[in-house]
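Colleague: Per the working numbering: the sequence shown ends with 953, consecutive numbering throughout.
We put the beta carbon where it would ideally sit given N, CA and C, even for glycine.
Structure below; questions to follow.
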Amino acid sequence: MTVHTPPIAPFRDPRLPFAKRVDDLLGRLTLDEKISFLHQFTPAVDRLGVAAFRTGQEALHGVAWMGPATVFPQAVGLGATWNPELVRRVGDAVSKEVRAMRAKDDRVGLNVWAPTVNLLRHPLWGRNEEGYSEDPKLTSAIATAYTHGLRGDHPTYWRTAPVLKHWLAHDNETGRATTSSSVRPRVLHEYDLRAFRETVEAGAVAGVMPAYNLVNGRPNHVSPYLAEHLRTWTDEDLLVCSDAGAPSNLVDAEHYFGTHEEATAASLVAGVDSFTDHGTDSSQMVGRLRGALERGLLTEADLDTAVRRQLSVRFRLGEFDPEHDPHGATGEFDTPAHRALAREAAEQAIVLLKNDGVLPLAPDTRIAVVGLLADECKLDWYSGTLIHRSTPLEGLYERFGAQRVEFAEGVDRVRLRTSAGAFLHVPVVEDAADQVRGAEGALDPALLAGRTDLPPLTTDLEGTELALIDWGEGVLTLRAPDGRYLSVAEDGCLRASADQPGGWVVQETFRLEPHGDGHLLKHLGTGRHVCVSADGVKVADADPEVFELVVAERGEEAVARAAAAADVVVVVAGNDPHINGRETEDRTTLCLPGHQERLLRAARAANRATVLVLVSAYPYAVDPAELPAVLWTAHGGQAAGTALARVLAGDVSPAGRLPQTWYAADSDLPGLLDYDVIGARQTYLYFEGTPLFPFGHGLSYTSFAYGGLRARVEGERVRVSFSVTNTGDVTADEVAQLYTRAVDACVPRPRRELLDHRRVTLTPGARAELDFDVPLSAFAFWDVAQDRWRVEPGAHELLAGASAEDVRLRATVTLDGEPALPRAVLAKGLAAAGFDEQSGIEIVDRTKVSGDAVTPGGTEAAELVYRACDFGRGISEVTVEVAGSGTVELSLDGGPALAALSPAAPTSGPYDYVSLGAAVAAAGVHDVHLRLRGPLRLAHVGFSG
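Laid out in structure tokens, this is it:
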């Protein structure tokens, strides 16, 4: 008797190429099944043996949201290492923990939403902690390394599938779902697209997530750039996943479309493949997709394109080849190697900003460690739960011995007296279980509820002394003696119940509002005031309690006592990543919060040997003049304290470098929503002032000499080499940086621009010969006249050194390049957004599908300049395509107006363009100046003779 083995379905056959297998599986899916695949939570197809799938596992600096995992330094800290090789190893460790955690909890996904490659253009951006650098070259180098670690090195199967966030020009939380980033073509190509492009082209990216904001008036979720740029950079099928809730925003917040069916169809056609909306409930999106199909807004072929991209990622992850998947049995979780790597990363991220010789500390130094972050190991929204924890205090105890270390946190110790004369009282609970927010894991930690198992606050005649911290702008936290923070749960009761401030809506922050002779205590999470009534202490809309703040001790008093008895004071200041600068909330100032300034002044007054350690997600404007040493590190993860202590002790020479400019004052900053880094002179590329600390800055415990800079042009590349020598007596890392500058540029170019860098370890006296192979394309800029990249002919300076301002060596190469050509306006006219210079202009969408137009950004007139326009032997007419109402005035070379064109009546809508003409006589090459008045959109200017 012969047993016949049923034929294997082609999509199950590992001998076939993925593309054929994807097509086979796609052909077996019904229309309803295809629709269901387009939601974040894709259901199983049992009849085909296809498992459920979800996009979106957060893994920015460790596995997030799913419980305990190894926590590495924040992304901006990884950027500060300037070490792609280290960051690749971090990505490798994170991806292995993803696999290990998934083996025990299938809620853990393999489609990881990391890294964030948004450029740190503006230091007040609330999500500064998530990016790597203000520079696109450094950002792409670090992001490429992280994605290669996340992907793994198997030629066929990926360990995880990284998705880059957030496409595009997204650096503000203020109105993030409705604001539009006005991005001129040069900024688009030279700055915002560049970090994404170089990372995608490196070959370890599975997808991209569009951002909430609009770019040039059009939501990123319907951006034509997804097709015009992103998908041209790779042959892989990239999976574009929407940000959470963004599909609904297209109608509900942005009002860009009239119906959700229109919005969903437009997103899918533009290139969004997976919709993250309404949590785990896919019914809303399924209904919208089905409605779009019924209305003829979508075809089944549109669905096939998106489903094919998801399936391509799933095949690469080995889902359909479990017997061949080399990553399926990965079990590396919280290993000694991962712990050592977390410490190494934290050490390499520390930046020594100033040192007058007080560091490193001698072994017998008596140390006072003070400050609000001195005994903290803070996590951010995209952290996992700590398995191991090291604070600066714990690290110094371990390294120098507890007998040599004194501690003063610097909190204000207060009691709150009610109008009836009683005090707020925190009931003592002897057997209360410790609970860490998020330790159990959650697909959406924003839905985690506050604790209600602990008793609410009461009042009595003695009260409880609370630790009050002012985090700036009057935002307070209050902590009970047992270490728990006052918080409010769903029942409105006030409890000492939180291990740390946190959550999507933080329930542990308050504000004291002056009221008569006392204060109202406003709970910021609910917007309600604290009330005291017969049924307890609650937040409510009526009858707020008036409290008297009774101060037992100011924080600076404790700090001064500890500082006076020490040889050296280490002040640890910075931010809580959930307060005043985080996702949904931008900062308003670079200044250190007043409470922490008080502590710093008190320490400095008591002891001149005061070292300031800033532990923060972003730069501060601090005055280092009277401080002998200043260090900065991002929140460094589980090993932060140990790493800091080893650097302070000299076990490790600091070699972190600033990944963004530290400005001296708020007045140095452009507007938060001004995305024109060229026109606003933003970042180290264009900033003309004096920074507090420049891009790339970082000191060492040794010294380095640079020498022998050589550069030569060979075909399509420039070969550069120089040497770095350790001239001190300490083994240390140096980060050698190579920049360029166009000497006689025809357009505004960067003051200097990073070409490459190298982090090297050198023993005393050792020398490293560094070689750099720079493609000529690295010297190019986007020529708006030709609408393409162009290398300018002439001299280009090469600068080697230790920061963007600490230049040690210079050389010049002469590049052939391509000469500038005048604009061929007779043939092409002028695309309105292709200007050379502008004042008061906002770029907007020409149509909802594609193209740009310009409009005055405010009530005043706006101006545009287009250089070197060639009118040939002469023109006799100018035409403009406009919508709305207002006037376009044309002049040449800054002279008088030659024509003024206005619609006879306002057009019916912003996309209803009319063509207007006027007689103009001109010949030869001239600069065209346009002046726009009124609510007018200008799309194109044409010339004819």
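Trp241: which of Val413, Arg202, Gly645 sits nearest, CA to CA?
Modeller: Of Val413, Arg202, Gly645, the residue nearest in Cα terms is Arg202.
Colleague: Around the C-beta of Lys173, are 16 or more other C-beta atoms found within 10 angstroms, so that it is buried, or is it exposed?
Modeller: buried
Colleague: Which residue wins for smallest C-alpha separation from Glu236, given the options Gly842, Glu761, Gly429, His197?
Modeller: His197
Colleague: To the nearest angstrom, report how far apart Arg796 and Ala27 are at their CA atoms.
Modeller: So the two alpha carbons sit approximately 33 Å from each other.
Colleague: Quick check on DSSP: helix, strand or coil for Gly602?
Modeller: helix
Colleague: If we count the other Cβ atoms within 10 Å of its Cβ and call it buried at 16 or more, is Val890 buried or exposed?
Modeller: buried
Colleague: For Gly449, is the classification buried or exposed, using 16 other Cβ atoms within 10 angstroms of its Cβ as the cut-off for buried?
Modeller: Gly449 counts as buried, since at least 16 other C-beta atoms from the protein chains shown sit within 10 angstroms of its C-beta.
Colleague: What are the start and end residues of the alpha helix (DSSP H) that includes Phe408?
Modeller: 400-408
Colleague: Below 8 Å between beta carbons: does that hold for Val84 and Tyr140?
Modeller: yes
Colleague: Let me make sure I understand the geometry here. Which of Leu462, Leu238, Leu24 has the alpha-carbon closest to that of Thr175?
Modeller: It is worth fixing the name first, because residue 175 is Trp in this sequence and not Thr. Among Leu462, Leu238, Leu24, the Cα nearest to that of Trp175 belongs to Leu238.
Colleague: Quick one: which unbroken alpha helix (DSSP H) runs of 4-plus residues sit fully inside the region 860-948? Chain order, please.
Modeller: none
Colleague: With DSSP collapsed to three states, give me the class of Val547.
Modeller: strand
Colleague: Assign Arg419 to buried or exposed, taking buried as 16 or more other Cβ atoms, counted over all protein chains shown, within 10 Å of its Cβ.
Modeller: According to the sequence displayed, residue 419 carries Val and not Arg. Val419 is buried by the Cβ-count criterion.
Colleague: I'd like to know if the region 684-699 and the region 822-838 are in contact, where contact means that at least 3 CB-CB pairs between them fall below 8 Å.
Modeller: In this structure the region 684-699 does not lie against the region 822-838, because fewer than three pairs of beta carbons, one per stretch, are closer than 8 Å.
Colleague: Using 8 Å for Cβ pairs, my map puts Val230 next to Ser275. What's the rounded Cβ distance?
Modeller: Yes, Val230 and Ser275 are in contact; Cβ-Cβ is about 6 Å, under 8 Å.
Colleague: Does the beta-carbon of Gln48 have 16 or more other beta-carbons within 10 angstroms, so that it is buried, or is it exposed?
Modeller: buried
Colleague: Please classify Asp285: is it buried, with 16 or more other beta-carbons within 10 angstroms of its beta-carbon, or exposed?
Modeller: buried
Colleague: On the CB-based measure, 16 or more other CB atoms within 10 Å of its CB, does His263 come out buried or exposed?
Modeller: Residue environment analysis places His263 among the exposed positions, since fewer than 16 neighbouring C-beta atoms fall within 10 angstroms of its C-beta.
Colleague: DSSP three-state call for His174: helix, strand or coil?
Modeller: The answer is strand: DSSP assigns His174 an E or B state.
Colleague: Taking the straight line between their C-alpha atoms, what separation do you get for Thr288 and Val58?
Modeller: 19 Å
Colleague: Taking the alpha-carbon positions, what's the Gly266 to Val120 distance?
Modeller: 33 Å
Colleague: Go ahead and pull the three-state DSSP assignment for Gln65.
Modeller: strand
Colleague: List in chain order: all unbroken beta strand (DSSP E) runs of 3+ residues lying wholly within the region 459-489.
Modeller: 466-468, 474-478, 484-487
Colleague: Using the beta-carbon count (16 or more within 10 Å), is Ala647 buried or exposed?
Modeller: buried
Colleague: Taking the beta carbon of Val857 as the centre, do at least 16 other beta carbons fall within 10 Å, making it buried, or is it exposed?
Modeller: exposed
Colleague: From Pro864, Tyr874, Gly679, Thr820, pick the residue whose C-alpha is nearest to that of Val755; which is it?
Modeller: Tyr874
Colleague: Take the Cβ of Val726 as the centre, count every other Cβ of all protein chains shown within 10 Å, and call the residue buried at 16 or more, exposed below.
Modeller: buried
Colleague: So if DSSP puts Trp640 in a beta bridge, which residue, or which two residues, is it bridged to?
Modeller: Val359, Leu622
Colleague: With a cut-off of 8 Å, do at least 3 Cβ pairs link the region 423-432 to the region 550-560?
Modeller: With the cut-off at 8 Å, the region 423-432 and the region 550-560 touch.
Colleague: Leaving aside the five residues before and after Arg107 along the sequence, list all residues of the same chain whose C-beta is less than 7 Å from its C-beta, in chain order.
Modeller: Arg167, His335, Thr338
Colleague: By DSSP's criteria, Asp791 is part of a beta bridge. Which residues make up the other side?
Modeller: Arg796
Colleague: Alpha carbon to alpha carbon, how far is Ala566 from Ala376?
Modeller: 11 Å
Colleague: Leaving out the 5 sequence neighbours to the left and right, which residues in its chain are closer than 8 Å to Ile849 when beta-carbon positions are compared?
Modeller: Around Ile849: Ser190, Phe843, Val862, Thr863, Pro864, Gly865, Ala870, Glu871, Leu872, Leu940.
Colleague: From Leu770 to Leu367, what distance separates their C-alpha atoms?
Modeller: Note on geometry: alpha-carbon atoms of Leu770 and Leu367 lie some 20 Å from one another.
Colleague: Span of the beta strand (DSSP E) holding Gln846?
Modeller: 845-847
Colleague: Does Ile150 come out as helix, strand or coil in the three-state DSSP assignment?
Modeller: helix
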